[in-house]
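Inspection log for the structure reproduced underneath, given as structure tokens.
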DNA sequence: CATGAATGAGATTTCATTCAT
DNA sequence: GATGAATGAAATCTCATTCAT
């Protein structure tokens, strides 16, 4: 847990420098920060807590990040990168939007199990971005790339009209964000959520035409 | 903002205010708490900020709530009650699950406009409930009542099998929570979200059977 | 406990006015103050605690005493009066200094049992009189009258030389104050203390002439 | 006094002080704590006052002691150790109980002169140990060792019967505690106290057999 | 006479941050 | 690169006190 590893245990693909000791410490701090921020929120997390979880003292954190805010920003980018690389990986080679969505939902289950803190952090971050104390957060590029790629492919495949693309983007975000709120803590809830969303997307959850019966 | 002003404009005086004012003050504090907690999260919100927004001094808040934590709990119950009474109201008299869902989505738009802070607070609260700092939060009864009522009626109408009821509960939560994450700040996003979700529920967003066309 | 009664249940002798309701409340507050100050010290006792113990609210205390400090002063005079009236009573009619001392020690046992709080308060007060926060405390007249009376009678009887009178005053104070420190909480310690002091005064505790044996 | 100054005069600088200084700071805080607690009692002493007297800021005290209560406990152990080491030293080599008591009384005078604050602190502490605010205080081992040693030697020498040993312990405590209450502030009172107690112990203060004269 | 809402000052404690070692 | 003593600001909370009701 304190030596960062990619979501799936595979060696990190995009070239990170061959990790000297300093780099390892940096990653340990980032992991600790993600976990703490996810658990308690920005304001309630102290640098001392993060530092201790990473195995150093508060003062030492300043050798790696110039301020608590900067550490939050770095953790933010870090978490998005780790999680969405895994998502990108999960949809490779699927032939349809529905297949991609299903694969992604399955992967969500896995990520939530193995990287709970990162998902929780990301989920919380969207609410936390009050610029009053955090300053403007950078756009989470990996998430946008993943989302846009999926939409783009669906349009190319003809599963989505250009006009609907934007709508779908929103719905997609809604589902993912909702899922990380609802399915995060409880594995049962998580499984039911994923199953339910699959059925919803497949159109087999809600009866389209309710028995148009006699209703006073 | 920084000079405390009474809820109704005048500076507070010494001595006992006339009967009934105390309750008004309590509500003012609750409203301020909801707004501040929603904006900055529990840990980053100071009682001084809340008190000033409500027009009193920090110490006075302790006449109405015994601790910051207790204030959070009270605000939590308060927000759920206000929001879900509105939701209950929105689905009265609709004849089908889809109709109820559509009405509820429309009402969401309205609530998000007029009670942004309450929705934001509720949305955040689900992530915030780390018992380390907040203690165990009470069950949000109004939300559960609303959700269960909707499911119950759908089952009675035959739109949902008993077996699917649980799945639908989860999906329903996911959509609502996702919506409050994604559509909260930006009215355009909000509108697109609502529209997209309606289409998703109606089954007209994602093409069920992608043209199994010629794909190299 | 909250309706003040003289140490021995006898009706108070020196004329207090026939106690209207206000006077009763005043005494209840004084009793509560003595108990609280004795228990926690001046700085750690809050007016609210005292008021609650007396059955009213903090604000009401100000109808009877103009400030916390003034309440402390009043409690100080009150406790000394109650306790030393009882002491005066205990030595009436004894024929010798030793007899008076023995009677007084016995009475101490009784008072500590029935009026523990008052004794504790008096005992603590001698340390508490830092004028920084309490202002100058009035001389505790009842104590001085009791002490001086006892010495005066002893001198008249020829048990104490004029020259030793002052020394005896000091010793007397030392014994009484020591006793309230050591024997206050534990009844066994109290009994042993009283017994030991009697023996010390009688000259039968410490062997005067240690076996003048062969000591290199 | 209100501008923090280091123990040795200079204002404290940022950054880590050279080794060994930390221990000095700790002792400075303990000394300041003893002085302040003795002067004003636990509840009325603020950490800010203590810190300023020790030459640092209130927050810095928390590097050395985790809470005000813990600081009190540490000061308690510290004061007992300092004072009773001095007492132990004073009775070394005396040949009789009376000689030891006299030596101890003389030493009391000296200690009260040079370490007034410590004696006052110890004296107050016995009244202050209301566990409501201070938690359970540790046993003051140095005091018990001193007391028990003295009694033990007296019994061995045959000056005290086994049966009287317990009584003497109590009397001894009473005298010492009384002395620190009565003789603390005023040097004249102190001298008279010591002198009087010596006479009392020697049996030459109170006339044993009062002229059994004619008493109406 | 008593209440209780409110104030404003101050208490304890936490914490981001600095910097000599 | 890491430590840990120290700062100074701010946070939560308490409390003596006031005063309209």
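Chains as they are written, first to last, in the working numbering: chain H, 1197 to 1412; chain S, 1197 to 1412; chain E, 1197 to 1412; chain Y, 1197 to 1412.
Positions of the beta carbon are idealized from the N, C-alpha and C atoms, including for glycine.
A residue is called buried once 16 or more other Cβ atoms fall within 10 Å of its Cβ, and residue 1263(E), having fewer, is exposed. Around the beta carbon of residue 1218(Y), a 10 Å sphere encloses fewer than 16 other beta carbons of the protein chains shown; the residue is thus reported as exposed. Residue 1399(Y) has a beta carbon lying within less than 8 Å of a beta carbon in chain E. Residues of the region 1307 to 1325 of chain S with a C-beta atom less than 8 Å from some C-beta of chain H are 1316, 1319, 1320, 1322, 1323, 1324, listed in chain order. Residue 1336(H) sits in coil when the DSSP states are folded into three classes, being neither helix nor strand. In the three-state scheme derived from DSSP, where H, G and I count as helix and E and B as strand, residue 1377(Y) is classed as helix. Taking a 10 Å sphere around the C-beta of residue 1265(S), we find fewer than 16 other C-beta atoms and assign the residue as exposed. The three-state reading of DSSP puts residue 1327(S) in helix, counting H, G and I together. DSSP places residue 1293(E) in the helix class (H, G or I) of the three-state scheme. Shown here, residue 1233(E) sits in a helix according to DSSP, grouped into three states.
For the region 1272 to 1304 of chain E, the set of residues with a beta-carbon nearer than 7 Å to any beta-carbon of chain Y comprises 1291, 1292, 1293, 1294, in chain order.
Going by DSSP, residue 1286(E) is part of the alpha helix (DSSP H) stretching over 1264 to 1287. Closest in alpha carbon position to residue 1252(H), among 1309(H), 1221(H), 1301(H), 1313(H), is 1221(H). Under the Cβ distance rule, residue 1247(Y) does not count among the residues neighbouring chain E, no pair being separated by less than 8 Å.
With a contact defined as Cβ atoms closer than 8 Å, residue 1378(S) and residue 1301(S) miss out at about 13 Å. Residue-level contact check: residue 1389(Y) touches chain E, since one or more beta carbons of chain E fall below 8 Å from its beta carbon. The three-state secondary structure of residue 1321(H), taken from DSSP, is helix. Look at residue 1242(Y) here: in three-state DSSP terms it is coil, with no helix or strand label. Going by C-alpha positions, residue 1387(E) is about 7 Å away from residue 1305(E). Proximity of chain Y to residue 1253(E) at the Cβ level (cut-off 8 Å) is not reached, the minimal Cβ distance being about 22 Å. In summary, the residues of the region 1217 to 1243 of chain Y whose CB is separated from some CB of chain E by less than 8 Å are 1235, 1236, 1237, 1238, 1239, 1240, 1241, in the order they occur in the chain. In terms of Cβ geometry, residue 1329(S) and residue 1239(S) form a close pair [threshold 8 Å]. Using a Cβ-Cβ cut-off of 7 Å, residue 1385(S) is close to 1366 of chain H, given in chain order. The beta carbon of residue 1290(Y) sits closer than 7 Å to the beta carbons of 1296, 1299 from its chain, once the five residues preceding and following it are set aside; these are given in chain order. At a cut-off of 8 Å, the C-beta of residue 1349(S) has no neighbouring C-beta in chain H. Distance between residue 1231(H) and residue 1351(H), taken at the CA atoms: about 37 Å. Residue state for residue 1252(S) is assigned as coil, using DSSP reduced to three classes. When Cβ pairs closer than 8 Å are counted between the two stretches, the region 1334 to 1348 of chain E is seen to touch the region 1275 to 1283 of chain E, the count reaching three or more.
One thing to note: residue 1257(S) has its Cβ within 8 Å of the Cβ of residue 1267(S). With respect to chain H, the C-beta atom of residue 1352(S) has no partner C-beta closer than 8 Å.
DSSP, reduced to helix, strand and coil, places residue 1382(Y) outside both helices and strands of the structure shown, so it counts as coil. Listed in chain order, the non-local C-beta contacts of residue 1276(E) below 6 Å within the same chain comprise 1336, 1338, 1339, local neighbours out to five positions each way being set aside.
Counting only Cβ-Cβ distances below 7 Å, residue 1256(Y) has no contacts in chain E at all, with the closest Cβ about 23 Å away. Contact check for residue 1234(H) against residue 1320(H) passes: the beta carbons are separated by less than 8 Å.
Its chain contains 1270, 1271, 1274 as the residues whose beta carbon lies nearer than 7 Å to that of residue 1226(Y), once the 5 sequence neighbours on both sides are disregarded; these appear in chain order.
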